[in-house]
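The next block holds one structure in the form of structure tokens; read it before the comments.
Residue numbers (my numbering), protein chains in the order written: chain A, 610 to 1090; chain B, 6 to 103; chain C, 316 to 802.
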């Protein structure tokens, strides 16, 4: 069997974060009672006309700039004509041809081994979302809800031939893209709600072949994990088809995450032909170069830049920096906590370790627990100054997450401060007095036995004694015997 | 370029028109008539002539991103020829496989 | 006094001075409708109760000494493709039977804001596709000058209503001549404004890049008043132009001295009836005698107007009419098993023959492999047609004078079986829509059998004031506009 290689094109759709829909004033929100956020425009009532949402345009331009695209100074909208019950006008307003808002950009991904790769992007364009069909099994019919109809949607398509060469790269691409969208605050990136949709087109070919294999399009992938699993499955399936003497059929396939299989979505659907033509109800967008410059200048620091800077500025390992920058708020949290900290790496460790675990248990992002950056910095400060031990800090952090109190407050209330030297001296005296045989062994030169006494002291002090103090005081006390 | 009945049938499918046999015949005839009338347009020299979509040049005016009240649901559903008031939506034949 | 014979201005003045109540005016027109509409069949829906309520509200305001709008108490008929909140809007189609819009078209709101009283909805060719109202799925409207003839179309109901004295004013829409041709057939003033001058929001779309709403009236002053009320930028229509609206009556000074009028040779060619040519040329001579300078001009791309129009308009229509699928409003077939069946049967049952034909042409012209040969070609031809006009304006021409229609009103059924002959009746009016320029039709004489003949004025974008001024000057020197249909 020849070796096969995989190529993946990616088409991603992101619903834009705006107050109102793309062409009307209906609120842009997820969910809600069916058809409760509709009007003549998004219902496609006769006579209604679209008027473009400025914010949606701005979001797409900013994204295109962040993805290193060329901006079309004259950008045209088209009608994509097809019939479907969730499409109220019988056409979708979209952008076709060579004048989408953004063209010819790229996004850099970083593989697990730290190497990077540029994934070329062919177009970034603006269009409108469709309504939704609700299927009720018992009723024998479907019901259409147009709440989502007209929600602004951005489409981002990778270039051909595809740069993505594995399922993992496809996942990394989707993750990195999501980060960029979150940084720009143009999308909430929620794959599970469908506000970010990734549709990979995987194909396989024998290594060394100079033509590309037939691709299939995968749908219903609602997590990064399923993006990777879906492509892995599909590549394997395609190879099996070819090896079995068959031919891969170009088609749309759904992904069943529970069963871990893809399935054909081909229905008896008649021929699709979209009959694109320029949308006469909208005027093409003419962008002002100065406006574009000002948008470019106002772009935030993007994840890749931030990752490099954090690693350098705070001396973090690349892998830590990569994790911190996945969401902008996490990186902001880190920087706020690390500002003025003696050991920023310790802050990162706590964030990616215990705090991440505690946040996860509460199903919130690491930056969204009750712990403020200042409080986390305060806790690390207490460890650095020796006021609490690392072990105590773990339980202190738990309490901080639960109550929102500062480390100092928790330590104070629970009496968790390291015991004073006098107190420790008293415990040491008691332990020495209670273990004459051990003391004798030590005096006889068996140094290792001191460990037992240290343990006893720590136990008596409930962990609040500093091991250095204990060691020194024990040696003094034994010497006195 | 004469249009065949089959091509007319294909266009009717695209346009979602269930044409009767007679209608298809009539339309085939009529469309060919019109194409004949339009033949001289095909010969017009349009090299380097840009297409016109909008006759009157106007600057695109965009809308501020402000949410406004939507229609009351009863008003939305009032025109529906077949609605499910409980589900609050328009009824269509069951769509399977999605 | 027969109130229904008065002009809109006369009515507005009488109501404002409380010489007569708005209610009495509305009642007079409702009575006139009652009396003649059985023959004319201009109205699809008469909203008598609403009209009386609106009129009463005007009277109350006047009684209270409040400010009222320029059309306070003046009745208006609305073409049935203008959305009216709470009033069925059918577009002359079976597929929209029972559709009651939950909103008003912008022009309807503007009319109501100006105090106008809507009498109801006027008949039209289905989806404005036609030149006679014979394509209406409801019934055919008759020409008040001769009930055996068509009133023109597609805004035939609006035109007939005004010509029959059932309304002093009406709104129509014009995609290829649908205001001007019926205005000519009914002896009225009809204006197709510059594309973007009047908001299309709430106008059920036929061909979006060509459609404009405009006024019908019995004289230029009334048309100018109605246009002043409905024109202007609308934030709900991206293609409406943000440009201040003048009071179009202000320029009606009767003075055409020094204006340069072009007579395009292509519009006085074979196919244009000799009596029409003669009447129009006589009008040109009259304008010359009033001080205008007349010269012959050429619009060489005229022969491409018809084919280009009959590709572009159906292409846009095929897309605009895709929304009629039986899901959200209007007609729906019964017993469909899947959505494709639902769409195909609903549309087959709901659309008439002419509409289906245009959907088919448009779908074909946009389909893969034919786009460049048809749609793109037609758009390029459109550019050349525009350049023809631009060259005229650049050479200093202020307006062009042509016939509005190749003949006077034809008989009901005369052209129904000859689609091409029907389309040729738009031959003089299509170019203004293609170029986006304003155009106006007014009466310039009568045929031997007493049917009105229409003259068309076309001018550069936003030259409505000039066109109205010329038409008004012509009106001052003639009395065609004072004749009334023999009903």
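Just so it is clear, CB atoms sit at the ideal spot from N, CA and C, and this is done for glycine as well.
At least one CB of chain B closer than 8 angstroms to the CB of residue i: is that the case?
| i | result |
| --- | --- |
| residue 557 (chain C) | yes |
| residue 500 (chain C) | no |
| residue 896 (chain A) | no |
| residue 627 (chain A) | yes |
| residue 754 (chain A) | yes |
| residue 553 (chain C) | yes |
| residue 701 (chain C) | yes |
Can you name the residues of chain A whose CB is closer than 8 angstroms to the CB of residue i?
| i | result |
| --- | --- |
| residue 98 (chain B) | 750 and 751 |
Taking residue i as the reference, which of the options has the closest Cα?
| i | options | result |
| --- | --- | --- |
| residue 514 (chain C) | C:536, C:550, C:584 and C:498 | C:550 |
| residue 639 (chain A) | A:1074, A:892 and A:756 | A:756 |
| residue 702 (chain A) | A:688, A:643, A:715 and A:676 | A:688 |
| residue 1014 (chain A) | A:992, A:731 and A:983 | A:983 |
| residue 534 (chain C) | C:723, C:410, C:325 and C:748 | C:325 |
| residue 678 (chain A) | A:660, A:650, A:709 and A:841 | A:709 |
| residue 691 (chain A) | A:972, A:882 and A:1045 | A:882 |
| residue 835 (chain A) | A:624, A:807, A:629 and A:698 | A:807 |
| residue 33 (chain B) | B:76, B:9, B:20 and B:52 | B:9 |
| residue 789 (chain A) | A:802, A:772 and A:765 | A:765 |
| residue 742 (chain C) | C:732, C:753 and C:719 | C:719 |
| residue 660 (chain A) | A:693, A:759, A:694 and A:749 | A:759 |
| residue 311 (chain C) | C:602, C:546 and C:489 | Chain C is shown only over 316 to 802; residue 311 (chain C) falls outside these bounds and no answer can be derived. |
| residue 724 (chain C) | C:379, C:458 and C:353 | C:458 |
| residue 626 (chain A) | A:685, A:738 and A:857 | A:738 |
| residue 694 (chain C) | C:491, C:627, C:786 and C:728 | C:627 |
| residue 537 (chain C) | C:547, C:503 and C:559 | C:503 |
Of all the CB atoms in chain A, is at least one closer than 8 angstroms to the CB of residue i?
| i | result |
| --- | --- |
| residue 21 (chain B) | yes |
| residue 31 (chain B) | no |
| residue 59 (chain B) | yes |
Answer with buried or exposed for residue i, where buried requires no fewer than 16 other C-beta atoms within 10 angstroms of its C-beta.
| i | result |
| --- | --- |
| residue 631 (chain C) | buried |
| residue 64 (chain B) | exposed |
| residue 1071 (chain A) | exposed |
| residue 103 (chain B) | For residue 103 (chain B), the pLDDT reaches just 45, beneath the cut-off of 50, and the residue's location in the model is therefore unreliable, although a value from the coordinates is still provided. Residue 103 (chain B) is exposed by the Cβ-count criterion. |
| residue 928 (chain A) | exposed |
| residue 902 (chain A) | exposed |
| residue 85 (chain B) | buried |
| residue 959 (chain A) | buried |
| residue 730 (chain C) | buried |
| residue 714 (chain A) | buried |
| residue 646 (chain A) | buried |
Could you name the residues of chain B that residue i contacts, counting a contact when the two beta carbons are closer than 8 angstroms?
| i | result |
| --- | --- |
| residue 622 (chain C) | 42, 43, 45 and 46 |
| residue 675 (chain C) | 13, 16, 17, 20, 22, 32 and 36 |
Do we get a CB-CB distance below 8 angstroms when we pair residue i with the residues of chain C?
| i | result |
| --- | --- |
| residue 741 (chain A) | no |
| residue 38 (chain B) | yes |
| residue 16 (chain B) | yes |
| residue 34 (chain B) | no |
| residue 892 (chain A) | yes |
| residue 642 (chain A) | no |
Residues of chain E with CB under 8 angstroms from residue i, in chain order?
| i | result |
| --- | --- |
| residue 9 (chain B) | Looking for chain E here will not work: the only protein chains present are A, B and C. |
Mind listing the chain B neighbours of residue i? Cutoff is C-beta to C-beta under 7 angstroms, in chain order.
| i | result |
| --- | --- |
| residue 292 (chain C) | Since the first residue of chain C shown is 316 and the last is 802, residue 292 (chain C) is not available in this structure. |
Anything in chain C within Cβ reach of residue i, meaning under 9 angstroms, just list it in chain order.
| i | result |
| --- | --- |
| residue 55 (chain B) | 694, 695 and 698 |
Going along chain B in order, which residues have a C-beta closer than 9 angstroms to the C-beta of residue i?
| i | result |
| --- | --- |
| residue 671 (chain C) | 17, 20, 22, 24, 28 and 32 |
Mind pulling the chain A residues with CB within less than 7 angstroms of residue i?
| i | result |
| --- | --- |
| residue 517 (chain C) | 656 |
| Using a Cβ cut-off of 8 angstroms, which residues of the segment 61-72 of chain B contact any Cβ in chain A, in chain order? | For the segment 61-72 of chain B, which is checked against every Cβ of chain A, the residues closer than 8 angstroms are 63, 64, 65, 66, 67, 68, 69, 70, 71 and 72.
| request: Select from the segment 504-515 of chain C all residues with a C-beta closer than 7 angstroms to any C-beta belonging to chain A, and list them in chain order. | output: Within the segment 504-515 of chain C, those residues whose Cβ lies closer than 7 angstroms to any Cβ of chain A are, in chain order, 515.
| Which of the residues in the segment 82-94 of chain B, read from start to end, lie with their CB under 8 angstroms from any CB of chain C? | Residues passing the 8 angstroms Cβ filter: 83, 84, 85, 86 and 87.
| message | Give me the subset of the segment 654-665 of chain C whose CB atoms are less than 8 angstroms from a CB atom of chain B, sorted by chain position. | response | Per Cβ criterion, the list reads 654, 655, 656, 657, 658, 659, 660, 662 and 663.
| message | Give me the subset of the segment 682-693 of chain C whose CB atoms are less than 7 angstroms from a CB atom of chain A, sorted by chain position. | response | Per Cβ criterion, the list reads 682, 683 and 690.
| message | Tell me which residues of the segment 632-652 of chain C have at least one Cβ-Cβ distance to chain A shorter than 9 angstroms, keeping chain order. | response | Within the segment 632-652 of chain C, the residues whose Cβ lies closer than 9 angstroms to some Cβ of chain A are 633, 634, 635, 636, 637, 638, 639, 640, 642, 643, 644 and 645, listed in chain order.
| request: Taking only beta carbons into account, state which residues of the segment 659-671 of chain A come closer than 9 angstroms to chain C, listed in chain order. | output: Listed in sequence order: 659, 660 and 661.
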